[in-house]
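The listed protein sequences derive, respectively, from chains C and G. The numbering of the first sequence is the UniProt record's numbering, which starts it at 1 and goes up by one. The numbering of the second sequence is the UniProt record's numbering, which starts it at 1 and goes up by one. Think of the CB as a built atom: it goes at the ideal place given N, C-alpha and C, for glycine as much as any other residue. Below: the structure, in C-alpha cells.
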Amino acid sequence: MECEDCGGLYIGCESCGSPPLVCSKPTANSPTIKHSPVYKDFLFGGNVTLYVGPKRKRMEIHKKLLASISSELDKHVNNDMREGIEGKIYLPDEGEEVLTLFTEWAYTGDYASKDDALRADRGNPKKLKQDPWPSLHKHLQLYAFAEKFNVPILKRLAESKFHIEIGPVSVESNCSRNVSSLVKAIGYACDNLPSSDPVLKFLAQYAAWRLELLRETASFNDLVSSQPDFLKELLMNVRGPKAKPKAPRKHRP
Amino acid sequence: MNRSRGKIRPPRRGLATDHVDFDEYWEVLAQSLREIYAKNASHLSFEEVYRNAYKLVLKKHGDRLYGNVKKLVGEHLQTVAVEDVKPLLPSSIVTGDVSFGTATTERRTVGTKFLERLKFVWEDHQLCMGMMKEVLMYMDRVFCADHKIPSIYVACMGLFRDHILRHPEYNIGNALNSVIIDQVRMERDGDIINRATIRACVYMLEGLYETEEEHENQKVYLTSFEKNFISASEVFYQKEGEQLLRDCDAATYLRKVDKRLKEEYSRCHDTLSVLTEPKIMRVVDQKLIEANINDVMEMEGSGLRFMLDNDRYEDLKLVYELISRVDSEKRSLKKKMCARLVTMGKEINRTISTPQASTASGADGTGDSSKSSAAVVSEERVANNITLVAIRWVDEVLALKDKYENIWERSFDKDKGIQAAMTRAFTDFINDFDRSPEFISLFIDENLRKGLKGKTESEVDAVLDKALTLFRYITDKDVFERYYKKHLSRRLLMNRSVSHDAEKQMIGKFKMEVGFAFTGKFEGMFKDMNISEEMTSEFKRASQESDSNYKKGVELSVQILTSTFWPVGGGGTNDHPCVYPPEIRAARDSFTKYYLDRHSGRRLDWRPDMGTADIRATFKGKRHELSVTTYGMVILMAFSELNPGDVLSFEEIHTITSIPEQDLVRNLQALAVAPKTRVLIKKPMSRDVRLTDVFAINEEFSSKFMRIRIGVVATNRAETEQERKDTDEKTERYRGATIEAALVRIMKQRKLISHTELVNEVLTQMGSRFNPDLTMVKKRIESLMEREYMERAEGERQVYRYIY
C-alpha cells in the first residue's frame with residue numbers, strides 16, 4: 001500500500017481498513033536518505049549478523065538497512081566474498097557501544113549518548129554537574145566510525161553534537177580530570193582520523209587555547225612527541241612572545 | 001609476530017600511537033589482490049581487506065600502498081601481454097601485406113580471434129579492477145582525494161593502456177587498430193563480421209585515456225584509432241566515388257551514396273563509437289557527394305535534367321538531401337534546376353511566339369497602304385487566334401509552375417531558398433517574353449467573361465490566385481495595368497463580365513499585392529458604372545415628367561466614363577464621326593442638355609464605337625429584337641427608310657453614316673456575312689466585305705429566336721500588331737511622364753542631389769511598377785533641364801539643383 005501524500009508505505013491495518021497512523025516514507029532526517037528504500041524492503045530483506053569487537057559479540061541488523069547507508073557498507077554486505085556468501089560480518093576493531101549507537105541512529109535518525117537516568121535529572125542541571133567527557137568521547141568514536149565507512153550524515157551529526165557539548169565545558173587549572181580527558185580525546189582523534197580532518201584542526205586550536213595548562217602535563221607532552229602532525233597543527237595556532245627576545249644579561253654589551 | 005599482532009588488533013586509546021607495520025599489512029593485502037586475480041575472492045573477507053587498507057591509509061602509508069598496488073597490477077598486466085595476447089597477434093595484418101597473401105576468410109578468423117582475446121583480457125581487467133577498487137575504497141576517498149591523484153581504478157586503466165596497448169615490444173594497440181579497420185573494410189565490401197567483438201574492443205578504447213585526467217577528448221579511441229580509421233575511410237571512399245561515377249547512372253549513384261551514409265551511421269552506432277559519426281559522415285559527404293555531385297547531376301540521360309523532366313520525385317529528393325549535407329545553400333542544385341526551368345519557360349515562349357509571328361507577317365503582307373477589308377478581318381482572326389495562344393501560354397506556364405511546385409513540395413522539403421530561386425527563374429523567363437502582361441490580362445479576361453460560369457467560389461478564387469501568381473512575376477506592372485484596364489473596360493461596357501463579385505475579388509487581390517495606386521483607376525471604373533446607372537434612371541424619370549421632350553420610341557441608357565480612368569482614347573467627336581438618325585440625335589441632345597445642366601463645366605464626348613442598341617424589326621411578319629452595336633443600329637436605320645428591294649452600296653452607307661471605314665467593314669461583316677445573323681444581304685456573296693459591295697435588307701431572314709444578338713467580331717482579344725505598337729508607344733509616353741513626375745518630386749524635396757543618387761531614387765520609386773530604362777531616365781533629366789525645372793550645380797558636373 002502506498003501513502004496518498006508521499007507515495008511511501010503505510011503501516012496500518014490492511015484487513016480492517018482503519019486509517020493508518022504512520023506514513024513510513026523516510027524523511028530528510030532519516031538515515032535512509034541516500035537510497036530511500038522503504039521499511040517493507042528492510043523487513044523482508046533479511047538480516048545480516050555482525051560479530052563486533054575482539055569478543056565477537058553477535059548482533060543482528062536488517063541487511064538492506066545497512067546496505068542503504070553508504071556504498072562502503074553496501075559493499076561489506078553485498079559482495080562476492082565471504083560476507084556476501086555467509087551473511088556474516090566480523091568487525092573486530094569496532095566497539096559494542098559504538099555499534100549500538102550506530103544502529104540506533106540507523107533506525108531512528110538520531111542517537112543518545114547519555115544514559116537515560118542522567119537525562120531524567122535534567123530538571124536540575126546545576127545541582128548535578130555531569131562529567132561531559134564520556135559523552136564527547138562517544139561522539140568522537142561515532143565520528144571516526146562514520147569516517148571509516150563514509151557516512152557523511154552521521155559524521156555531521158556526531159560532529160555537531162561534539163561541538164554543542166564541548167562548548168560549555170571549562171578546562172580550568174583546578175580540574176585535572178578535564179585536562180587528562182582532553183588529552184585522551186586528542187589522542188584518540190589523532191589515532192583514528194586522517195590528519196586533514198577538521199575535528200583534528202579544531203582540537204589543535206582548542207589545545208592551543210589551553211596550552212598553558214596542557215604543557216605542564218606529562219601525558220600531553222607524550223602525545224605531542226608521538227603525533228608530529230598534531231604538533232604541526234598546534235604550532236600553527238601558537239603565538240610566540242610579543243617582544244623580540246633579548247639576549248641574557250651576561251651577553252649584553 | 002604474535003606479539004605484534006596482539007599489539008595491533010585491539011583498538012587502543014592510549015597516548016602512544018598504534019604502530020602499524022606496513023609490510024605485514026601489505027603482505028595480507030597483496031595476497032588478497034592476487035586471489036582476486038585468480039578468481040578466488042569468495043573465501044576472502046571484504047572487511048579484512050578493507051580494514052587493512054584503511055589502517056594503512058590512516059597511518060599515513062597511503063602512498064606506499066598506492067604505489068604497491070600499481071606495481072602489482074602492472075606486473076600482472078605484463079604477464080598477460082606476453083602470455084595471453086602476444087600469441088594471437090595477427091602479424092600479417094599489421095605488417096600490411098593483407099591484400100595478396102591472406103584470403104579474406106583467414107584474415108577474418110585471425111582478426112576475430114585476436115579481438116576476442118583482447119576483449120577477454122580487457123573485461124577481466126575491468127572486473128578485477130572493479131573488485132580492487134571496492135576493497136581500496138578508503139584509499140581512494142581519503143588518500144587520493146587529499147593528494148589530488150587519480151583514483152586507483154583510473155591509474156590501473158592507464159596501466160592497461162601502457163602495458164597492453166602500448167607494449168614496447170609487441171605494439172598491440174597498432175595491431176588492434178589495423179584489425180578493426182580491416183574488419184570494417186570487409187564489412188563495407190559486403191562480408192559479415194562479428195560486430196559485438198569489435199564493439200567490445202571499441203568500448204575498451206573509449207574507456208582508456210591518454211592521461212589520468214581522463215579528458216573527454218583524450219580518449220585513446222580518439223587519439224589513436226579514429227585518426228587511422230578516418231584516413232583509411234578517405235582512401236576507400238575516394239576510390240569508391242571514382243568507380244561509382246564510372247559505372248552507375250545518376251539515380252543509382254545517389255542510392256548507393258544514401259546507402260553508404262546509412263551504413264556508416266549504423267556502423268557508428270552498432271560497431272564503432274557515436275563519437276565518430278560526424279567525422280565519418282564528413283568523409284562520405286566529401287568524397288561521395290561534394291566531389292562528384294555536380295558530375296552526377298550533369299549525367300547525360302539520367303542526371304538532374306532527366307529527373308526534373310520526368311518528375312522523379314524520389315531521386316530528386318535524394319539529390320536535395322545529399323546536397324543539403326554538403327551545402328546548406330544548395331547552390332549547385334538551385335543553379336542547375338533554375339537553368340532547366342528557364343530553358344523550359346523560354347521554350348514555351350518560343351513555341352507560342354513562332355506561329356504568331358508567321359501569321360502576323362502574313363497579315364502584314366496583304367498590303368497596308370489602303371487597308372482592305374480582307375486585311376482588317378484577317379487581322380481580327382489572327383488576333384482571335386492569339387487570344388487562344390495567350391490562354392495556352394498562361395496554361396502552359398501555370399502547368400510548368402505546378403510541375404516545379406510539386407517537385408518543390410515533394411522533393412525539396414519546401415526549401416525557402418529554392419523557392420526564391422524558382423521565383424527568380426520564373427521572373428526571368430516571363431519577363432523575357434514581352435507579351436506576358438497582355439497574355440496574363442487576357443487570361444483573366446477570358447475567365448471573367450466565360451470561364452467562371454458554374455464554378456464555386458473557391459474554384460473562382462483558385463483561378464484568380466493562379467493569375468495573381470503570374471502577375472507577381474511581372475516587372476512591368478504598368479504595362480499589365482494598361483491591358484487590364486482596356487480589357488476591364490470592354491467587359492464593363494459590353495456587360496460581358498460574368499460576376500461583379502469576381503471582378504471585385506480580383507481587384508482586391510491586386511490591391512493586396514501592389515496597393516491602391518495600382519487599382520485606383522479600376523475602382524474608378526466601377527464607380528462610373530454605378531453612377532451611370534443612377535443617372536440613366538434619373539434621366540428617364542425626368543424625361544417622363546416633362547413629357548414634351550421625351551420620345552417614346554427611344555430609350556436611352558448612358559454610361560458616363562471619366563476619361564482619365566478609362567482607356568477610351570483621345571475622344572472628341574471627330575475621332576469617332578457618326579451621323580445619327582434624327583430620333584437618336586434628339587435623345588442624345590436631350591441627355592446632353594440634362595447632364596450639362598447638372599454638371600457645368602464638363603464635356604461629354606459620345607462614343608458610338610462603344611455603345612450598343614436594341615432595335616425591333618419585323619421579318620416575314622415575325623417580330624424580332626436585334627441587339628447590335630450603335631454603329632450597327634445606325635447602319636440598319638439607314639435601311640429602314642428604303643423601299644423593299646432597294647440597295648445601298650458601301651460607299652452610300654459610308655456617306656449617310658460617316659462611320660469610319662474600318663468600323664463600317666467590321667459592322668457590315670456582322671450584319672451581312674455572319675451566317676446566323678444575316679439581316680442584310682450582300683452582293684456579291686463572299687466571306688469578306690469589300691468597298692465595292694452592295695447591301696440590301698434580307699427579307700428572307702428568319703430565326704427561331706425572338707431576341708437576336710448580333711455581335712461584332714471579337715470583344716476582347718489579343719492585340720493586333722498595329723495596336724501593340726500603339727500600346728508600346730503609350731506605355732513609353734506614360735513611363736516618361738511617370739519618371740518625370742518622380743524626378744520633379746525628388747528634386748523638389750532634395751533641392752541638390754548627385755546624379756547617381758537621383759537615378760537610384762527614381763529606380764526604387766518606380767520599382768513596384770516597372771523597371772525604368774536608364775537611358776530614358778537620363779533623357780527625362782535632360783528634358784527637365786531644357787525646360788528649366790532643374791540645372792547642373794555650378795562647378796560640380798554630377799550634381800543637379802532644383803529651380804524654384
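Tell me where the beta strand (DSSP E) around residue i begins and ends.
i: residue 47(C); result: 47-52
i: residue 580(G); result: Here residue 580(G) belongs to no beta strand (DSSP E), and DSSP marks it neither H nor E.
i: residue 88(C); result: 88-91
i: residue 680(G); result: 680-683
i: residue 708(G); result: 707-709
i: residue 649(G); result: 647-649
Assign residue i to one of three DSSP states: helix, strand, or coil.
i: residue 799(G); result: strand
i: residue 60(C); result: strand
i: residue 219(G); result: strand
i: residue 213(G); result: coil
i: residue 627(G); result: strand
i: residue 695(G); result: strand
i: residue 117(C); result: Caution is warranted here: a pLDDT of 44 is assigned to residue 117(C), below 50, making its placement in the model unreliable, and the coordinate value is therefore given only provisionally. Note: residue 117(C) maps to helix in three-state DSSP.
i: residue 733(G); result: helix
i: residue 41(G); result: helix
i: residue 57(G); result: helix
i: residue 613(G); result: strand
For residue i, which residues in the same chain have their Cβ closer than 7 Å to its Cβ, ignoring the five residues on either side in sequence?
i: residue 228(G); result: 177, 181
i: residue 58(C); result: 49, 51
i: residue 638(G); result: 648, 653, 656, 657
i: residue 421(G); result: 334, 338
i: residue 565(G); result: 521, 524, 525, 528
i: residue 92(C); result: 53, 54
Among the residues of its own chain, which have a CB less than 8 Å from the CB of residue i, if the five just before and after it don't count?
i: residue 41(C); result: 64
i: residue 199(C); result: 140, 143, 159, 162, 189, 193
i: residue 403(G); result: 311
Output the boundary residues of the alpha helix (DSSP H) element that contains residue i.
i: residue 25(G); result: 22-37
i: residue 200(G); result: 195-207
i: residue 516(G); result: 516-545
i: residue 246(C); result: No alpha helix (DSSP H) holds residue 246(C); DSSP gives it neither H nor E.
i: residue 752(G); result: Careful: residue 752(G) lies outside any alpha helix (DSSP H), inside the beta strand (DSSP E) at 752-754.
i: residue 280(G); result: 277-284
i: residue 287(G); result: First-last for residue 287(G): undefined, no H or E at that position.
i: residue 227(C); result: Note, residue 227(C): premise wrong, no alpha helix (DSSP H); not H, not E.
I need the straight-line Cα distance from residue i to residue j, nearest angstrom please.
i: residue 800(G); j: residue 514(G); result: 31 Å
i: residue 207(C); j: residue 227(C); result: 14 Å
i: residue 446(G); j: residue 243(G); result: 56 Å
i: residue 149(G); j: residue 76(C); result: 25 Å
i: residue 129(G); j: residue 292(G); result: 51 Å
i: residue 193(G); j: residue 333(G); result: 38 Å
i: residue 251(C); j: residue 145(G); result: 52 Å
i: residue 413(G); j: residue 312(G); result: 15 Å
i: residue 82(G); j: residue 202(G); result: 22 Å
i: residue 831(G); j: residue 693(G); result: No answer is possible for residue 831(G): the residues shown for chain G start at 1 and end at 804.
i: residue 537(G); j: residue 546(G); result: 14 Å
i: residue 532(G); j: residue 734(G); result: 28 Å
i: residue 54(C); j: residue 99(C); result: 13 Å
Please work out which residues of its chain come closer than 6 Å, Cβ to Cβ, to residue i, disregarding the five sequence neighbours upstream and downstream, and give them in chain order.
i: residue 32(G); result: 44, 49
i: residue 169(C); result: 132
i: residue 34(C); result: Because the pLDDT of residue 34(C) is 48, which lies under 50, any placement of that residue in the model is unreliable, and the number read from its coordinates should be weighed accordingly. Around residue 34(C): no qualifying Cβ.
i: residue 165(G); result: 172, 173
Since residue i sits in a beta bridge, which residues does DSSP pair it with?
i: residue 619(G); result: 622(G)
i: residue 791(G); result: 801(G)
Does the beta carbon of residue i fall short of 6 Å from some heavy atom of the ligand GDP?
i: residue 484(G); result: Absence of the ligand GDP from the depicted structure is noted, as is the absence of any ligand whatsoever, leaving it without description.
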